[in-house]
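Residue numbers (this note's numbering): 999 to 1193.
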């Protein structure tokens, strides 16, 4: 729980006793590589703060093709937000790419935390606004950026994942084929050698 403790201490105005009180009510869960955590249609009841490991959220289209929405490495939060907030069936699957330790945040964690500690309202608002901003950026990238631009953005957002995630998953996240990703990587390597 040390990562979450440090995260809350750094990003909120709570004192150490208040952070300890909040974190003390949570529990850690371990997920094995390839373990399914949430399936499409299920109600998502918890968000997961990744302490160690790597999770992903994705959808599967009618042809059986996966479309990765998000990767969640250490210190990232993952859930199906609309399922948690609106108590409706999840749009996404969540599973473990690596063995993962996650701190489970119940659906009402932030609401109850804000009630007890009103100063957390600003932090919660910032989290939501950052999430909206990242979604807008992701949509804009998928609609208007070239494959190379998307790949460079991926490297910037997830710098340590290039060696941890299979290439087909990176291609899925970028909305391109693995062959296109291979071409982009070769072109970037050529450009790098020319400089």
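Note that the Cβ used here is the ideal one computed from N, Cα and C, for glycine as well.
Cβ neighbours of residue i in the same chain (closer than 6 Å, five flanking residues each side left out)
| i | result |
| --- | --- |
| residue 1095 | 1052 and 1054 |
| residue 1145 | 1174, 1178 and 1182 |
| residue 1082 | 1042 and 1105 |
| residue 1171 | 1066 |
| residue 1027 | 1100 and 1102 |
| residue 1071 | 1052 |
| residue 1064 | 1056, 1058 and 1170 |
| residue 1117 | 1011 |
Opening and closing residue of the beta strand (DSSP E) in which residue i lies
| i | result |
| --- | --- |
| residue 1094 | 1091-1094 |
| residue 1043 | Counting along the chain, residue 1043 falls outside any beta strand (DSSP E), and DSSP gives it neither H nor E. |
| residue 1026 | 1025-1029 |
| residue 1036 | 1034-1036 |
Beta-ladder partner(s) of residue i, from DSSP
| i | result |
| --- | --- |
| residue 1048 | 1100 |
| residue 1053 | 1070 and 1094 |
| residue 1075 | 1047 |
| residue 1168 | BP columns for residue 1168 are empty, so no partner. |
| residue 1022 | Residue 1022 pairs with nothing; no bridge assigned. |
| residue 1177 | DSSP lists no partner for residue 1177. |
| residue 947 | No information on residue 947 is available, as it lies outside the stretch 999 to 1193 that the chain covers here. |
Alpha-carbon spacing of residue i relative to residue j, whole angstroms
| i | j | result |
| --- | --- | --- |
| residue 1184 | residue 1087 | 41 Å |
| residue 1029 | residue 1139 | 31 Å |
| residue 1020 | residue 1108 | 10 Å |
| residue 1122 | residue 1003 | 16 Å |
| residue 1176 | residue 1024 | 39 Å |
| residue 1035 | residue 1142 | 32 Å |
| residue 999 | residue 1192 | 46 Å |
| residue 1190 | residue 1166 | 23 Å |
| residue 1168 | residue 1080 | 24 Å |
Other residues of its chain near residue i: CB distance less than 8 Å, five sequence neighbours each side excluded
| i | result |
| --- | --- |
| residue 1007 | 1014 and 1017 |
| residue 1119 | 1112 |
Span of the alpha helix (DSSP H) around residue i
| i | result |
| --- | --- |
| residue 1000 | 1000-1009 |
| residue 1142 | 1118-1142 |
| residue 1163 | Looking at the DSSP string, residue 1163 is not in any alpha helix (DSSP H), and its letter there is neither H nor E. |
| residue 1145 | 1145-1155 |
Sequence-distant residues of its chain with Cβ nearer than 7 Å to residue i (five each side left out)
| i | result |
| --- | --- |
| residue 1033 | 1093 and 1094 |
Quiz prompt | Given 8 Å, three or more beta-carbon pairs between the region 1098-1111 and the region 1036-1052 | solution = yes
message = Could you check whether the region 1053-1068 touches the region 1141-1159, counting it as contact only if at least three pairs of C-beta atoms, one from each stretch, sit closer than 8 Å?
response = no
Check: Counting pairs of beta carbons, one from the region 1111-1121 and one from the region 1072-1085, are three or more of them closer than 8 Å?
Finding: no
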